Amino acid sequence: MTVSDPPSPAPDWPLAIYQALKAADVRQLCYVPDAGHSRLIRLAHDDPAIATTVLTTEEEGVALSAGAWLGGQRAVLLMQSSGVGNCVNMLSLLSSCRFPFLSFVTMRGEWAEFNPWQVAMGKATQAAFEIMGVTVFRLERPEDAGEMAAAAARLAYDSDQPIAVLIAQRMIGAKKWTESR
Amino acid sequence: MDAALDRRAAVNALLRDRGELLVVSGLGSSSYDVFAAGDHPANFYLWGAMGGAAMIGLGLALAQPSRPVAVITGDGEQLMGLGSLATIAAKKPKNLAIIVLDNAHFGETGMQQSHSGLGANLELIATGAGFPSVSTIADQAALDAFRPKLHDLAGPHFARVGISTEHVDRALPARDGVYLKTRFRRHLGYPVS
Ligand SMILES: Cc1ncc(C[n+]2csc(CCOP(=O)(O)OP(=O)(O)O)c2C)c(N)n1
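From first to last, the protein sequence lines stand for chains H and E. Quick note on numbering: numbering that gives the first Met the number 0 labels position 69 of the first sequence as 68, and the sequence is numbered without any gaps. Quick note on numbering: numbering that gives the first Met the number 0 labels position 24 of the second sequence as 23, and the sequence is numbered without any gaps.
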């Protein structure tokens, strides 16, 4: 690299995940919003081939994903780490029936966290998935997003596995409390 | 309770000439009722996932927009997933009906009174959530009047069926979830991987 080269822009990781989901023929996307997911949520809303569903609580998305699969469609659930605890009993549906499941989870409470109320569930997020038999990937670098989303989708839908991709808080960036709207 | 239909007879009547109907049943007695009305590959019986029946119905209804979908569940099961009524009403799937068999009790666990027996009005909750079609079914005539709505693709519909707490014998469908899932998907033409 010469000094005159422009700096390479940060990879657009939400777009990379969206493109991997499109390539995997995901047709339903449900979510409890998190700021870190806002771009991916917008991309899905703008896509007429993806049915988006806003949830009142995250376990609804586990059940919705199972129903979608029963009907022949692939679904994905977006949430923040605090929502994982809400899902625990509903996740038993996945192992009882060997349903595929794919979730992307924005982490809170693990890196430069400002809000102590996010820490307890953030620390327990990976374990909460694992005690229920969900395989956990951690996405730490934006340049890995597309490949990891594609691998997770393959493992979920082609091998009937429950998969969660935890997106590191360090990668998303700390929430800016002073930001104006 | 004023309204007291027999639960088996009510479910039997709802599922008569079921045609293209896809059915998800809530854990416990609702699954037994749906099974007793006639086992069918287009039945997905829950034995757990309490509070999830309506949302499984939503995911299925969105995936199969040309097929009518009925969720048949108990008051206790639906009360655990009240938020899903708001989620469904926001999404407005035309092919989905949520039917709550309301005995005002948690029957499966020893007949403790439920919130619907303690004053919660499920029709008002569904209306408030935004369901455009809400029915109260308290007798055979109302049951007959509601049945075409299961097939009209003009929902989402919500119906509360007032059923008696009278004991009925258990009728146990298969419990193997992988079998039930695979059977259901094969019915829709999806091959086993
Ligand atoms: C998460 C969870 N909590 C509690 C139970 C225990 N349980 C099983 S069935 C049931 C009540 C079902 O009541 P209802 O849906 O009204 O059905 P009924 O038997 O009265 O028709 C409960 C509380 C459970 N299976 N799962």
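Cβ coordinates follow ideal geometry from the N, Cα and C atoms, glycine included. On a predicted model such as this, the values are computed, not experimentally measured, just so you know.
Inset, instruction - Tell me whether E:H166 counts as near ligand 1, meaning its Cβ is closer than 7 Å to at least one heavy atom of that ligand. - result: On the second sequence, position 167 is the one that residue 166 of chain E refers to. Because no heavy atom of ligand 1 lies under 7 Å away, the Cβ of E:H166 does not count as near it: no.
Legend entry - Local conformation of E:G27 per DSSP, three classes: For the purposes of this step, residue 27 of chain E is taken as the residue at position 28 of the second sequence. In this structure, E:G27 counts as coil in the three-state DSSP scheme.
Inset, instruction - Establish whether the CB of E:A119 and some CB of chain H are separated by less than 8 Å. - result: Counting from 1 along the second sequence, the entry for residue 119 of chain E is found at position 120. Cβ-Cβ to chain H under 8 Å: no for E:A119.
Inset, instruction - Measure the Cβ-Cβ separation of E:L84 and E:A128 and say whether it is below 8 Å. - result: By one-based count along the second sequence, residue 84 of chain E stands at place 85. By one-based count along the second sequence, residue 128 of chain E stands at place 129. Yes, they are a contact pair.
Legend entry - Proximity test, E:S29 beta-carbon vs ligand 1 heavy atom, cut-off 7 Å: The residue labelled residue 29 of chain E in the question sits at position 30 within the second sequence. Yes; taking the cut-off as 7 Å, the Cβ of E:S29 has a heavy atom of ligand 1 nearer than that.
Inset, instruction - Check the DSSP bridge columns for E:R159 and list the partner residues they point to. - result: By 1-based counting over the second sequence, the position of residue 159 of chain E is 160. E:R159 pairs with E:V99, E:T135.
Legend entry - Backbone secondary structure at H:A163 - three-state DSSP: The sequence position of residue 163 of chain H within the first sequence is 164, counting from 1. Note: H:A163 maps to strand in three-state DSSP.
Legend entry - E:G73, DSSP secondary structure in three states: The residue given as residue 73 of chain E occupies position 74 in the second sequence. Note: E:G73 maps to strand in three-state DSSP.
Inset, instruction - Name the residue from H:A150, H:A148, H:S81, H:S102 whose alpha carbon lies nearest to the alpha carbon of H:W116. - result: The residue labelled residue 116 of chain H in the question sits at position 117 within the first sequence. Measuring from the Cα of H:W116, the nearest candidate turns out to be H:S81.
Legend entry - Pairwise C-alpha distance: H:M170 and H:Q27: Against the first sequence, residue 27 of chain H aligns to sequence position 28. Against the first sequence, residue 170 of chain H aligns to sequence position 171. Near 26 Å, if we compare the C-alpha coordinates of H:M170 and H:Q27.
Legend entry - Contiguous alpha helix (DSSP H) assignments of at least 4 residues, all confined to the stretch 79–131 of chain H: 91–96, 118–130
Legend entry - Close beta carbons around H:V133, own chain, < 6 Å, minus the five adjacent residues each side: Counting from 1 along the first sequence, the entry for residue 133 of chain H is found at position 134. Only P161, A163 meet the Cβ criterion.
Inset, instruction - Compare the C-beta of E:Y44 against all C-beta atoms of chain H and say whether one is closer than 8 Å. - result: Residue 44 of chain E sits at position 45 when you count from the first residue of the second sequence. Not one chain H Cβ lies under 8 Å of E:Y44.
Inset, instruction - Would you mind sorting H:A50 into buried or exposed? The rule is 16 or more other CB atoms within 10 Å of its CB. - result: Your numbering for residue 50 of chain H matches position 51 in the first sequence. Buried is the call here.
Inset, instruction - Entirely within the stretch 14–83 of chain H and at least 3 residues each: give me those beta strand (DSSP E) ranges in chain order. - result: 25–30, 50–53, 73–79
Legend entry - Backbone CA spacing between H:F103 and H:L76 [nearest angstrom]: Translated into the one-based positions of the first sequence, residue 103 of chain H becomes position 104. Translated into the one-based positions of the first sequence, residue 76 of chain H becomes position 77. Whole-angstrom Cα-Cα distance: 6 Å.
Inset, instruction - Would you verify that the beta carbon of H:C96 is, or is not, closer than 8 Å to some beta carbon of chain E? - result: On the first sequence, residue 96 of chain H is found 97 positions in, with the first residue counted as 1. H:C96 counts as touching chain E.
Inset, instruction - Please list, in chain order, all residues of the same chain as E:L4 whose beta carbon is under 8 Å from its beta carbon, the five residues on each side excluded. - result: Position 5 of the second sequence holds residue 4 of chain E. Answer for E:L4: I136, A137, D138, Q139, L142, V160, G161, I162, S163, listed in chain order.
Legend entry - Between the CA atoms of H:L92 and H:P10 - distance to the nearest angstrom: Along the first sequence, read from residue 1 onward, the residue named residue 10 of chain H stands at position 11. Along the first sequence, read from residue 1 onward, the residue named residue 92 of chain H stands at position 93. Cα-Cα distance, rounded: 36 Å.
Legend entry - Residues near H:I166 by beta carbon distance below 7 Å, same chain, minus five either side: Position 167 of the first sequence, counted from the start, is the residue given in the question as residue 166 of chain H. Counting only Cβ-Cβ distances below 7 Å, and skipping sequence neighbours, we find G35, F103, V104, T105, M106, L138.
Inset, instruction - State the DSSP-derived secondary structure class of H:M0, mapped to helix, strand or coil. - result: Along the first sequence, read from residue 1 onward, the residue named residue 0 of chain H stands at position 1. Per-residue confidence for H:M0 stands at a pLDDT of 49, beneath the threshold of 50, marking its modelled position as unreliable; no derived number is given.
Inset, instruction - Would you mind working out which of E:E76, E:Y31, E:L26 sits nearest E:N11, comparing C-alpha positions? - result: Your numbering for residue 11 of chain E matches position 12 in the second sequence. Answer by Cα proximity: E:Y31.
Inset, instruction - Starting from E:L21, follow its DSSP beta bridges and name the residues at the other end. - result: On the second sequence, position 22 is the one that residue 21 of chain E refers to. Answer by DSSP bridge pairing, in chain order: E:V68.
Inset, instruction - Within its chain, find whatever has a CB closer than 6 Å to the CB of E:R111; leave out the 5 residues flanking it on each side and keep chain order. - result: Taking the second sequence and counting its residues from 1, one reaches residue 111 of chain E at position 112. Per the sequence shown, the amino acid found at residue 111 of chain E is Gln instead of Arg. Excluding sequence neighbours, E:Q111 sits near F105.
Inset, instruction - Determine the chain E residues that contact H:E59 at a beta-carbon separation under 9 Å, and present them in chain order. - result: Along the first sequence, read from residue 1 onward, the residue named residue 59 of chain H stands at position 60. Simply G50, G51, A53, M54, L57, G80, G82, S83, T86.
Inset, instruction - For E:H104, verify whether its CB is less than 7 Å away from any heavy atom of ligand 1. - result: Counting from one through the second sequence, the residue named residue 104 of chain E turns up at place 105. Yes - ligand 1 has a heavy atom lying nearer than 7 Å to the Cβ of E:H104.
Legend entry - Straight-line gap, H:S90 to E:V177 (C-alpha atoms, nearest Å): The residue given as residue 90 of chain H occupies position 91 in the first sequence. The residue given as residue 177 of chain E occupies position 178 in the second sequence. In the sequence as displayed, the identity of residue 90 of chain H is Leu instead of Ser. One C-alpha to the other measures close to 15 Å.
Inset, instruction - Please confirm if the stretch 40–57 of chain H is in contact with the stretch 28–42 of chain E, defined as three or more CB-CB distances below 8 Å between the two stretches. - result: no
Inset, instruction - Excluding the 5 residues preceding and the 5 following E:H114 in the sequence, name in chain order all residues of the same chain whose CB lies nearer than 8 Å to its CB. - result: Within the second sequence, the letter at position 115 stands for residue 114 of chain E. Once the five neighbours on either side are set aside, the close Cβ partners of E:H114 are D74, L78.
Legend entry - Which listed residue (H:R38, H:G70, H:P32, H:Q168) has its alpha carbon closest to that of H:A15: The residue labelled residue 15 of chain H in the question sits at position 16 within the first sequence. Closest option to H:A15, Cα to Cα, is H:R38.
Inset, instruction - Look up E:L45 in the DSSP assignment and say whether it is helix, strand or coil. - result: The count along the second sequence starts at 1 and reaches residue 45 of chain E at position 46. In this structure, E:L45 counts as coil in the three-state DSSP scheme.
Inset, instruction - Please confirm if E:G47 has its CB atom under 8 Å from at least one CB of chain H. - result: Working through the second sequence from its first residue, we reach residue 47 of chain E at position 48. Yes - at least one Cβ of chain H is within 8 Å of the one on E:G47.
Legend entry - Rounded straight-line distance, which links the Cα of E:L13 to that of H:D143: On the first sequence, position 144 is the one that residue 143 of chain H refers to. On the second sequence, position 14 is the one that residue 13 of chain E refers to. Taking the straight line joining both Cα atoms gives about 51 Å.
Inset, instruction - Label E:V99 either buried or exposed according to how many other C-beta atoms from any shown protein chain fall within 10 Å of its C-beta, with 16 as the threshold for buried. - result: As a working note, residue 99 of chain E is residue 100 in the second sequence. Buried.
Inset, instruction - Would you list the one or two residues that DSSP bridges to H:V135? - result: For the purposes of this step, residue 135 of chain H is taken as residue 136 along the first sequence, with counting starting at 1. BP columns for H:V135 point to H:A163.
Inset, instruction - Name, please, each residue of chain E whose Cβ falls closer than 7 Å to the Cβ of H:G108. - result: Translated into positions along the first sequence, residue 108 of chain H becomes position 109. Those do not exist, as H:G108 stays about 24 Å from chain E at its closest Cβ, beyond 7 Å.
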